[in-house]
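From first to last, the protein sequence lines stand for chains H and C.
If you read the first sequence in the numbering used here, its first letter stands for residue 29, the second for the next number, and so on.
If you read the second sequence in the numbering used here, its first letter stands for residue 0, the second for the next number, and so on.
All C-beta atoms, glycine included, are put in the ideal place defined by N, C-alpha and C.
I have placed the structure first, in the form of structure tokens, so that the comments after it can refer back to it.
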Amino acid sequence: MNAMSLPSLVEAPCGAQMPIRRILRSYVNEVRYETLRMFRSPGFSIPFLLLPVPVYLFFGVMLAAPAVAHNPGVANYLFSGFSVFAVMGPALFGVGCVLAIEREAGLLKLKRALPAPGGAYLVAKATTAMVAAGAAMITVLVAGIAAGKITLSASQLLIMTTVLVAGTLPFAAIGLFIGAHTSANVAPAVANIVFLPMLWLSGLFIPLPKFLERWAVIWPAFHLNQVALGSAGVSEFSFMAPGISAAVLAGFTVIFGGLAIRRLARKG
Amino acid sequence: MSTSTERLHALDAVRAFALLLGVVFHAGFSFIPGLIPGLWAMTDNSPSSTIGVLLFTAHIFRMSLFFFVAGFFARMLFHRGGARGFWVNRSKRILLPLVAGWPIIFPAVAAVWVWGLTRTFGGTLPAAPANAPAPPPGAFPWTHLWFLYYLLVLYTIVLTVRAAWLAIDRGGWLRRATDASVRWLVHTGATAVVIALPVALALFFRREWVAWFGIPTPDHSVIPELASLVGYGTALSFGWLIHRQADLLNVWARQWTLHLAGALAGTAVCLSLAGIAPVFVPIATGGVKLAFALAYSLSIWCWSLAILGLATRFLSHANGTIRYVADASYWIYLVHLPVVVALQVAVGRLPLHWTIKFPLILVVSLAILFTSYRYLIRSTFIGQLLNGRKYPRSVPRVLPQGNGDPHRPNLTTPEQRPLATLSGVHKRYGKTVALAGIDLEVRSGELLAVLGPNGAGKSTAISLWLGLLEPDDGKVHLLGGSPLDVESRRHVGVMMQEVGLTPELRVRELIDLTASYYPNPLTTAQTLDVTGTGPLADRLYAKLSAGQKRQVQFALAICGRPRLLFLDEPTVGLDIESRSTMWRAIRTMIGEGCSIVLTTHYLEEAEALANRVAVLAGGRLIACGSVDQIRSVVSRKQITCSTTLTEEQIRTWPDVVGVRGDAGRVEITVVDSEDVLRRLLASDQSIRDLEVRRAGLAEAFIEITREAA
Numbered sequence: 029m030n031a032m033s034l035p036s037l038v039e040a041p042c043g044a045q046m047p048i049r050r051i052l053r054s055y056v057n058e059v060r061y062e063t064l065r066m067f068r069s070p071g072f073s074i075p076f077l078l079l080p081v082p083v084y085l086f087f088g089v090m091l092a093a094p095a096v097a098h099n100p101g102v103a104n105y106l107f108s109g110f111s112v113f114a115v116m117g118p119a120l121f122g123v124g125c126v127l128a129i130e131r132e133a134g135l136l137k138l139k140r141a142l143p144a145p146g147g148a149y150l151v152a153k154a155t156t157a158m159v160a161a162g163a164a165m166i167t168v169l170v171a172g173i174a175a176g177k178i179t180l181s182a183s184q185l186l187i188m189t190t191v192l193v194a195g196t197l198p199f200a201a202i203g204l205f206i207g208a209h210t211s212a213n214v215a216p217a218v219a220n221i222v223f224l225p226m227l228w229l230s231g232l233f234i235p236l237p238k239f240l241e242r243w244a245v246i247w248p249a250f251h252l253n254q255v256a257l258g259s260a261g262v263s264e265f266s267f268m269a270p271g272i273s274a275a276v277l278a279g280f281t282v283i284f285g286g287l288a289i290r291r292l293a294r295k296g
Numbered sequence: 000m001s002t003s004t005e006r007l008h009a010l011d012a013v014r015a016f017a018l019l020l021g022v023v024f025h026a027g028f029s030f031i032p033g034l035i036p037g038l039w040a041m042t043d044n045s046p047s048s049t050i051g052v053l054l055f056t057a058h059i060f061r062m063s064l065f066f067f068v069a070g071f072f073a074r075m076l077f078h079r080g081g082a083r084g085f086w087v088n089r090s091k092r093i094l095l096p097l098v099a100g101w102p103i104i105f106p107a108v109a110a111v112w113v114w115g116l117t118r119t120f121g122g123t124l125p126a127a128p129a130n131a132p133a134p135p136p137g138a139f140p141w142t143h144l145w146f147l148y149y150l151l152v153l154y155t156i157v158l159t160v161r162a163a164w165l166a167i168d169r170g171g172w173l174r175r176a177t178d179a180s181v182r183w184l185v186h187t188g189a190t191a192v193v194i195a196l197p198v199a200l201a202l203f204f205r206r207e208w209v210a211w212f213g214i215p216t217p218d219h220s221v222i223p224e225l226a227s228l229v230g231y232g233t234a235l236s237f238g239w240l241i242h243r244q245a246d247l248l249n250v251w252a253r254q255w256t257l258h259l260a261g262a263l264a265g266t267a268v269c270l271s272l273a274g275i276a277p278v279f280v281p282i283a284t285g286g287v288k289l290a291f292a293l294a295y296s297l298s299i300w301c302w303s304l305a306i307l308g309l310a311t312r313f314l315s316h317a318n319g320t321i322r323y324v325a326d327a328s329y330w331i332y333l334v335h336l337p338v339v340v341a342l343q344v345a346v347g348r349l350p351l352h353w354t355i356k357f358p359l360i361l362v363v364s365l366a367i368l369f370t371s372y373r374y375l376i377r378s379t380f381i382g383q384l385l386n387g388r389k390y391p392r393s394v395p396r397v398l399p400q401g402n403g404d405p406h407r408p409n410l411t412t413p414e415q416r417p418l419a420t421l422s423g424v425h426k427r428y429g430k431t432v433a434l435a436g437i438d439l440e441v442r443s444g445e446l447l448a449v450l451g452p453n454g455a456g457k458s459t460a461i462s463l464w465l466g467l468l469e470p471d472d473g474k475v476h477l478l479g480g481s482p483l484d485v486e487s488r489r490h491v492g493v494m495m496q497e498v499g500l501t502p503e504l505r506v507r508e509l510i511d512l513t514a515s516y517y518p519n520p521l522t523t524a525q526t527l528d529v530t531g532t533g534p535l536a537d538r539l540y541a542k543l544s545a546g547q548k549r550q551v552q553f554a555l556a557i558c559g560r561p562r563l564l565f566l567d568e569p570t571v572g573l574d575i576e577s578r579s580t581m582w583r584a585i586r587t588m589i590g591e592g593c594s595i596v597l598t599t600h601y602l603e604e605a606e607a608l609a610n611r612v613a614v615l616a617g618g619r620l621i622a623c624g625s626v627d628q629i630r631s632v633v634s635r636k637q638i639t640c641s642t643t644l645t646e647e648q649i650r651t652w653p654d655v656v657g658v659r660g661d662a663g664r665v666e667i668t669v670v671d672s673e674d675v676l677r678r679l680l681a682s683d684q685s686i687r688d689l690e691v692r693r694a695g696l697a698e699a700f701i702e703i704t705r706e707a708a
């Protein structure tokens, strides 16, 4: 309580430049506490960590057994599709809904007023989304290997996992965009309006009718699936060059991330 | 005669629109249905009638509209700088870009074309026909830069005609007659019909007229095409004439529905005559040709006047975004063709629908073009050349304010310089005025209390200082820089009025995170100690009471050892002990040289802590000074006593402003206490418990804000 024993409460008027070491530290802190926050709020993390595996086992393994018996390659395609499903959730909902809540609470405004380094908050959100997506992805991977129908090699699985976890970014950017533009009440609804149609219309799980097939290319989920399959060399289900799909995903990230950042910088 | 700057904003926007529409036109070209392979660099595998109609419509008017605006601005330029100034300016803006730009643009266009045709014809360029006719004399591939050449030609013609005209019309009657007829014509609403006639005739009498593409694009010869010269010459000289009486634009602003209806009808007639798919062969002479020429020319001018009217009506005020786009549009149009066509070639063979490819080409090319403008042009000599001005690369860091104000003492030492200022700041939200021209400064080592009723503009002022808002007008300085600059904010602490911190984090973690934003913060332990939040350190923020949350927010505000601290209603909801801890910390910080801006509803808080008080009401600063100065604004005093006199008796006395009675005691508010006291003592010998009190800050505040309202 006794302020006399403390160092000055007010810094010296000059010479207090922010060293790069301390800027890095604020990035690290932001990521650390954001991750901590996520694991302490089970309402958001549990559904996205626990849901993908039963869904995958039921739809992608049990119900798909006849199709896999007919063409063993289908098991690989379904594994990739359900993995995309697993990584999308934390990014869209984890980032979008939490951002909307924090904006509404005025936290974003405080961060803008504080000398928080511009990108730290966003880097923290993206990293957290990747951590959560990585955890979800690994549960699906373990389930897939245990089910024993996947014919991919270990290195192919490693490539796919890496690509899919990195592929969280465009969805995190879309999440940011949703969170930056909607209220806390509306954000989950909007995220669902994006998430559910994308899940089915990207052709991740079931063959699409012809007229819808043409439109699958508008969904980033389709492109992430293509990059994952293409870079792992699963040519049977590669419909588009992975380079083009990766460029499309980069485009999604830049456009949605850019629009979100612009909005956050102006309105908070 | 006069042209206010407002009309210029509108016409600037129109010119930018016409140029950007050109980008859209070229971006859609590869999707035109029935496009003969080889006619354009790429024939897309997903053609679209929708794009066909869109491009047909855009192409009707985009260049005529451009030449109209060019004529308008040409006369303005001519009358500002004289003939010599005019030609010097045009040499820089038009001739130089043509001469210097063409050698760069043409090879780029040619290269993209070779690439595209190679892809179109499956890997090999088609051989040139053996019996191809020799190019006619004067042939020159202008590409889309022909419009620069035509501008120069038309300027020459217009200025020559003008000189001849002046020689004939020495008395000026011809000019007056012309102005009067133009004015009459515009007011009748039939402008489009009359002005369309020369174009219609020129098109009808053109021998080989590919009607679908309207006024011939004269991009292949230095010898001017007659029809193009008539079409665009009419537009440019009409623009010149309208500048003589620019208020006529306001008439079109009222007639826009009429012109839009005419434009839609004319376009529909043209499409029904020529068909939605383009025809690449000349139209046969006959009734259809005449009808088409008339409908097309009428559409040119109906579209142009509708757009000019709409712009005058809705885009006449200064707007930063439009200004930026207008500045960028010239550069963008000059260089867009190779970019747009390269993208068409890149996507032309992909198995995607045009609804994906066409927007993709537009978005990507505009992103490239705007980015190139931002980084290569806007702040360089090219921008200076094209737009006549060079924008600074970023907002210059503002130096600490000088001492130009003669009413203020000359401040010399850094300690005395204000740490933060608002100078002439205006801020409005929609129609609500939040701040109406505020001048306020925070001096070193003082506590400035900002008081005012709800909606007075207190939080807006603080938000401006914190860089959360930008002023509509006026300047905001924070620690010698801009509040938008993180570097300035690194020495500022802030406690906001309503904020929800991350509920899942512990108090210790919140302090650690916030402190890491600052260069030289207190340790977490020190912060906890100073603010008395030690017992809360390991509790989750969500589990704290409202008062405890305020204490934690205060801890976050001071953990960076700020030189300037903003506290927005800091003690709301605190118990007495927590409040006194906070007051103590505030006093310690002021003692160590920190400056504090405090808003509060508790006037005793301001009275106890503030060196200076600023009172805001209705977005204006209505009083500013020391606590004593503010109190003395109110000369009233309060007399309380126990007396046998009734309230009604006292109320009739001179100098008495108000009387309030309560259980035998009365409270009398007076202007001149001495006279009232004498009379009170004389009237009631039994008077007891007499007390005279100067009005407090609260009374002063109520008084001041009531007067302001």
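8 Å Cβ cutoff, residue i in contact with chain C
i	result
residue 177 (chain H)	no
residue 57 (chain H)	yes
residue 140 (chain H)	yes
residue 291 (chain H)	no
residue 222 (chain H)	no
Chain H within 8 Å of residue i, Cβ atoms only
i	result
residue 344 (chain C)	no
residue 658 (chain C)	no
residue 467 (chain C)	yes
residue 213 (chain C)	no
residue 567 (chain C)	no
residue 188 (chain C)	no
residue 485 (chain C)	yes
residue 623 (chain C)	no
residue 497 (chain C)	yes
residue 518 (chain C)	yes
residue 593 (chain C)	yes
residue 692 (chain C)	no
Identity of the residues DSSP links to residue i by a beta bridge
i	result
residue 427 (chain C)	C:432
residue 619 (chain C)	C:616
residue 492 (chain C)	C:564
residue 420 (chain C)	C:440, C:476
residue 666 (chain C)	C:639, C:659
residue 690 (chain C)	C:639
residue 101 (chain H)	According to DSSP, which records beta bridges pairwise, residue 101 (chain H) is partnered with nothing at all.
residue 220 (chain C)	C:138
Burial state of residue i (16 or more Cβ within 10 Å)
i	result
residue 98 (chain H)	exposed
residue 311 (chain C)	buried
residue 413 (chain C)	Confidence at residue 413 (chain C) is low in this model, with a pLDDT of 43, below 50, so its placement is unreliable and no value can be given for it.
residue 374 (chain C)	exposed
residue 119 (chain C)	buried
residue 407 (chain C)	Residue placement at residue 407 (chain C) is poorly supported in this model, since its pLDDT is 33, which falls under 50; the coordinates still yield a value, given next. The residue is exposed, with fewer than 16 neighbouring Cβ atoms inside 10 Å.
Delimiting residues of the beta strand (DSSP E) encompassing residue i
i	result
residue 598 (chain C)	594 to 598
Nearest-angstrom Cα separation, counted from residue j out to residue i
i	j	result
residue 123 (chain C)	residue 117 (chain C)	5 Å
residue 197 (chain H)	residue 607 (chain C)	53 Å
residue 521 (chain C)	residue 195 (chain H)	40 Å
residue 189 (chain H)	residue 260 (chain H)	10 Å
Range covered by the alpha helix (DSSP H) that runs through residue i
i	result
residue 240 (chain C)	225 to 243
Interface residues of chain A facing residue i [CB-CB closer than 8 Å]
i	result
residue 137 (chain H)	Structure shown: chain A not included; protein chains present are H and C.
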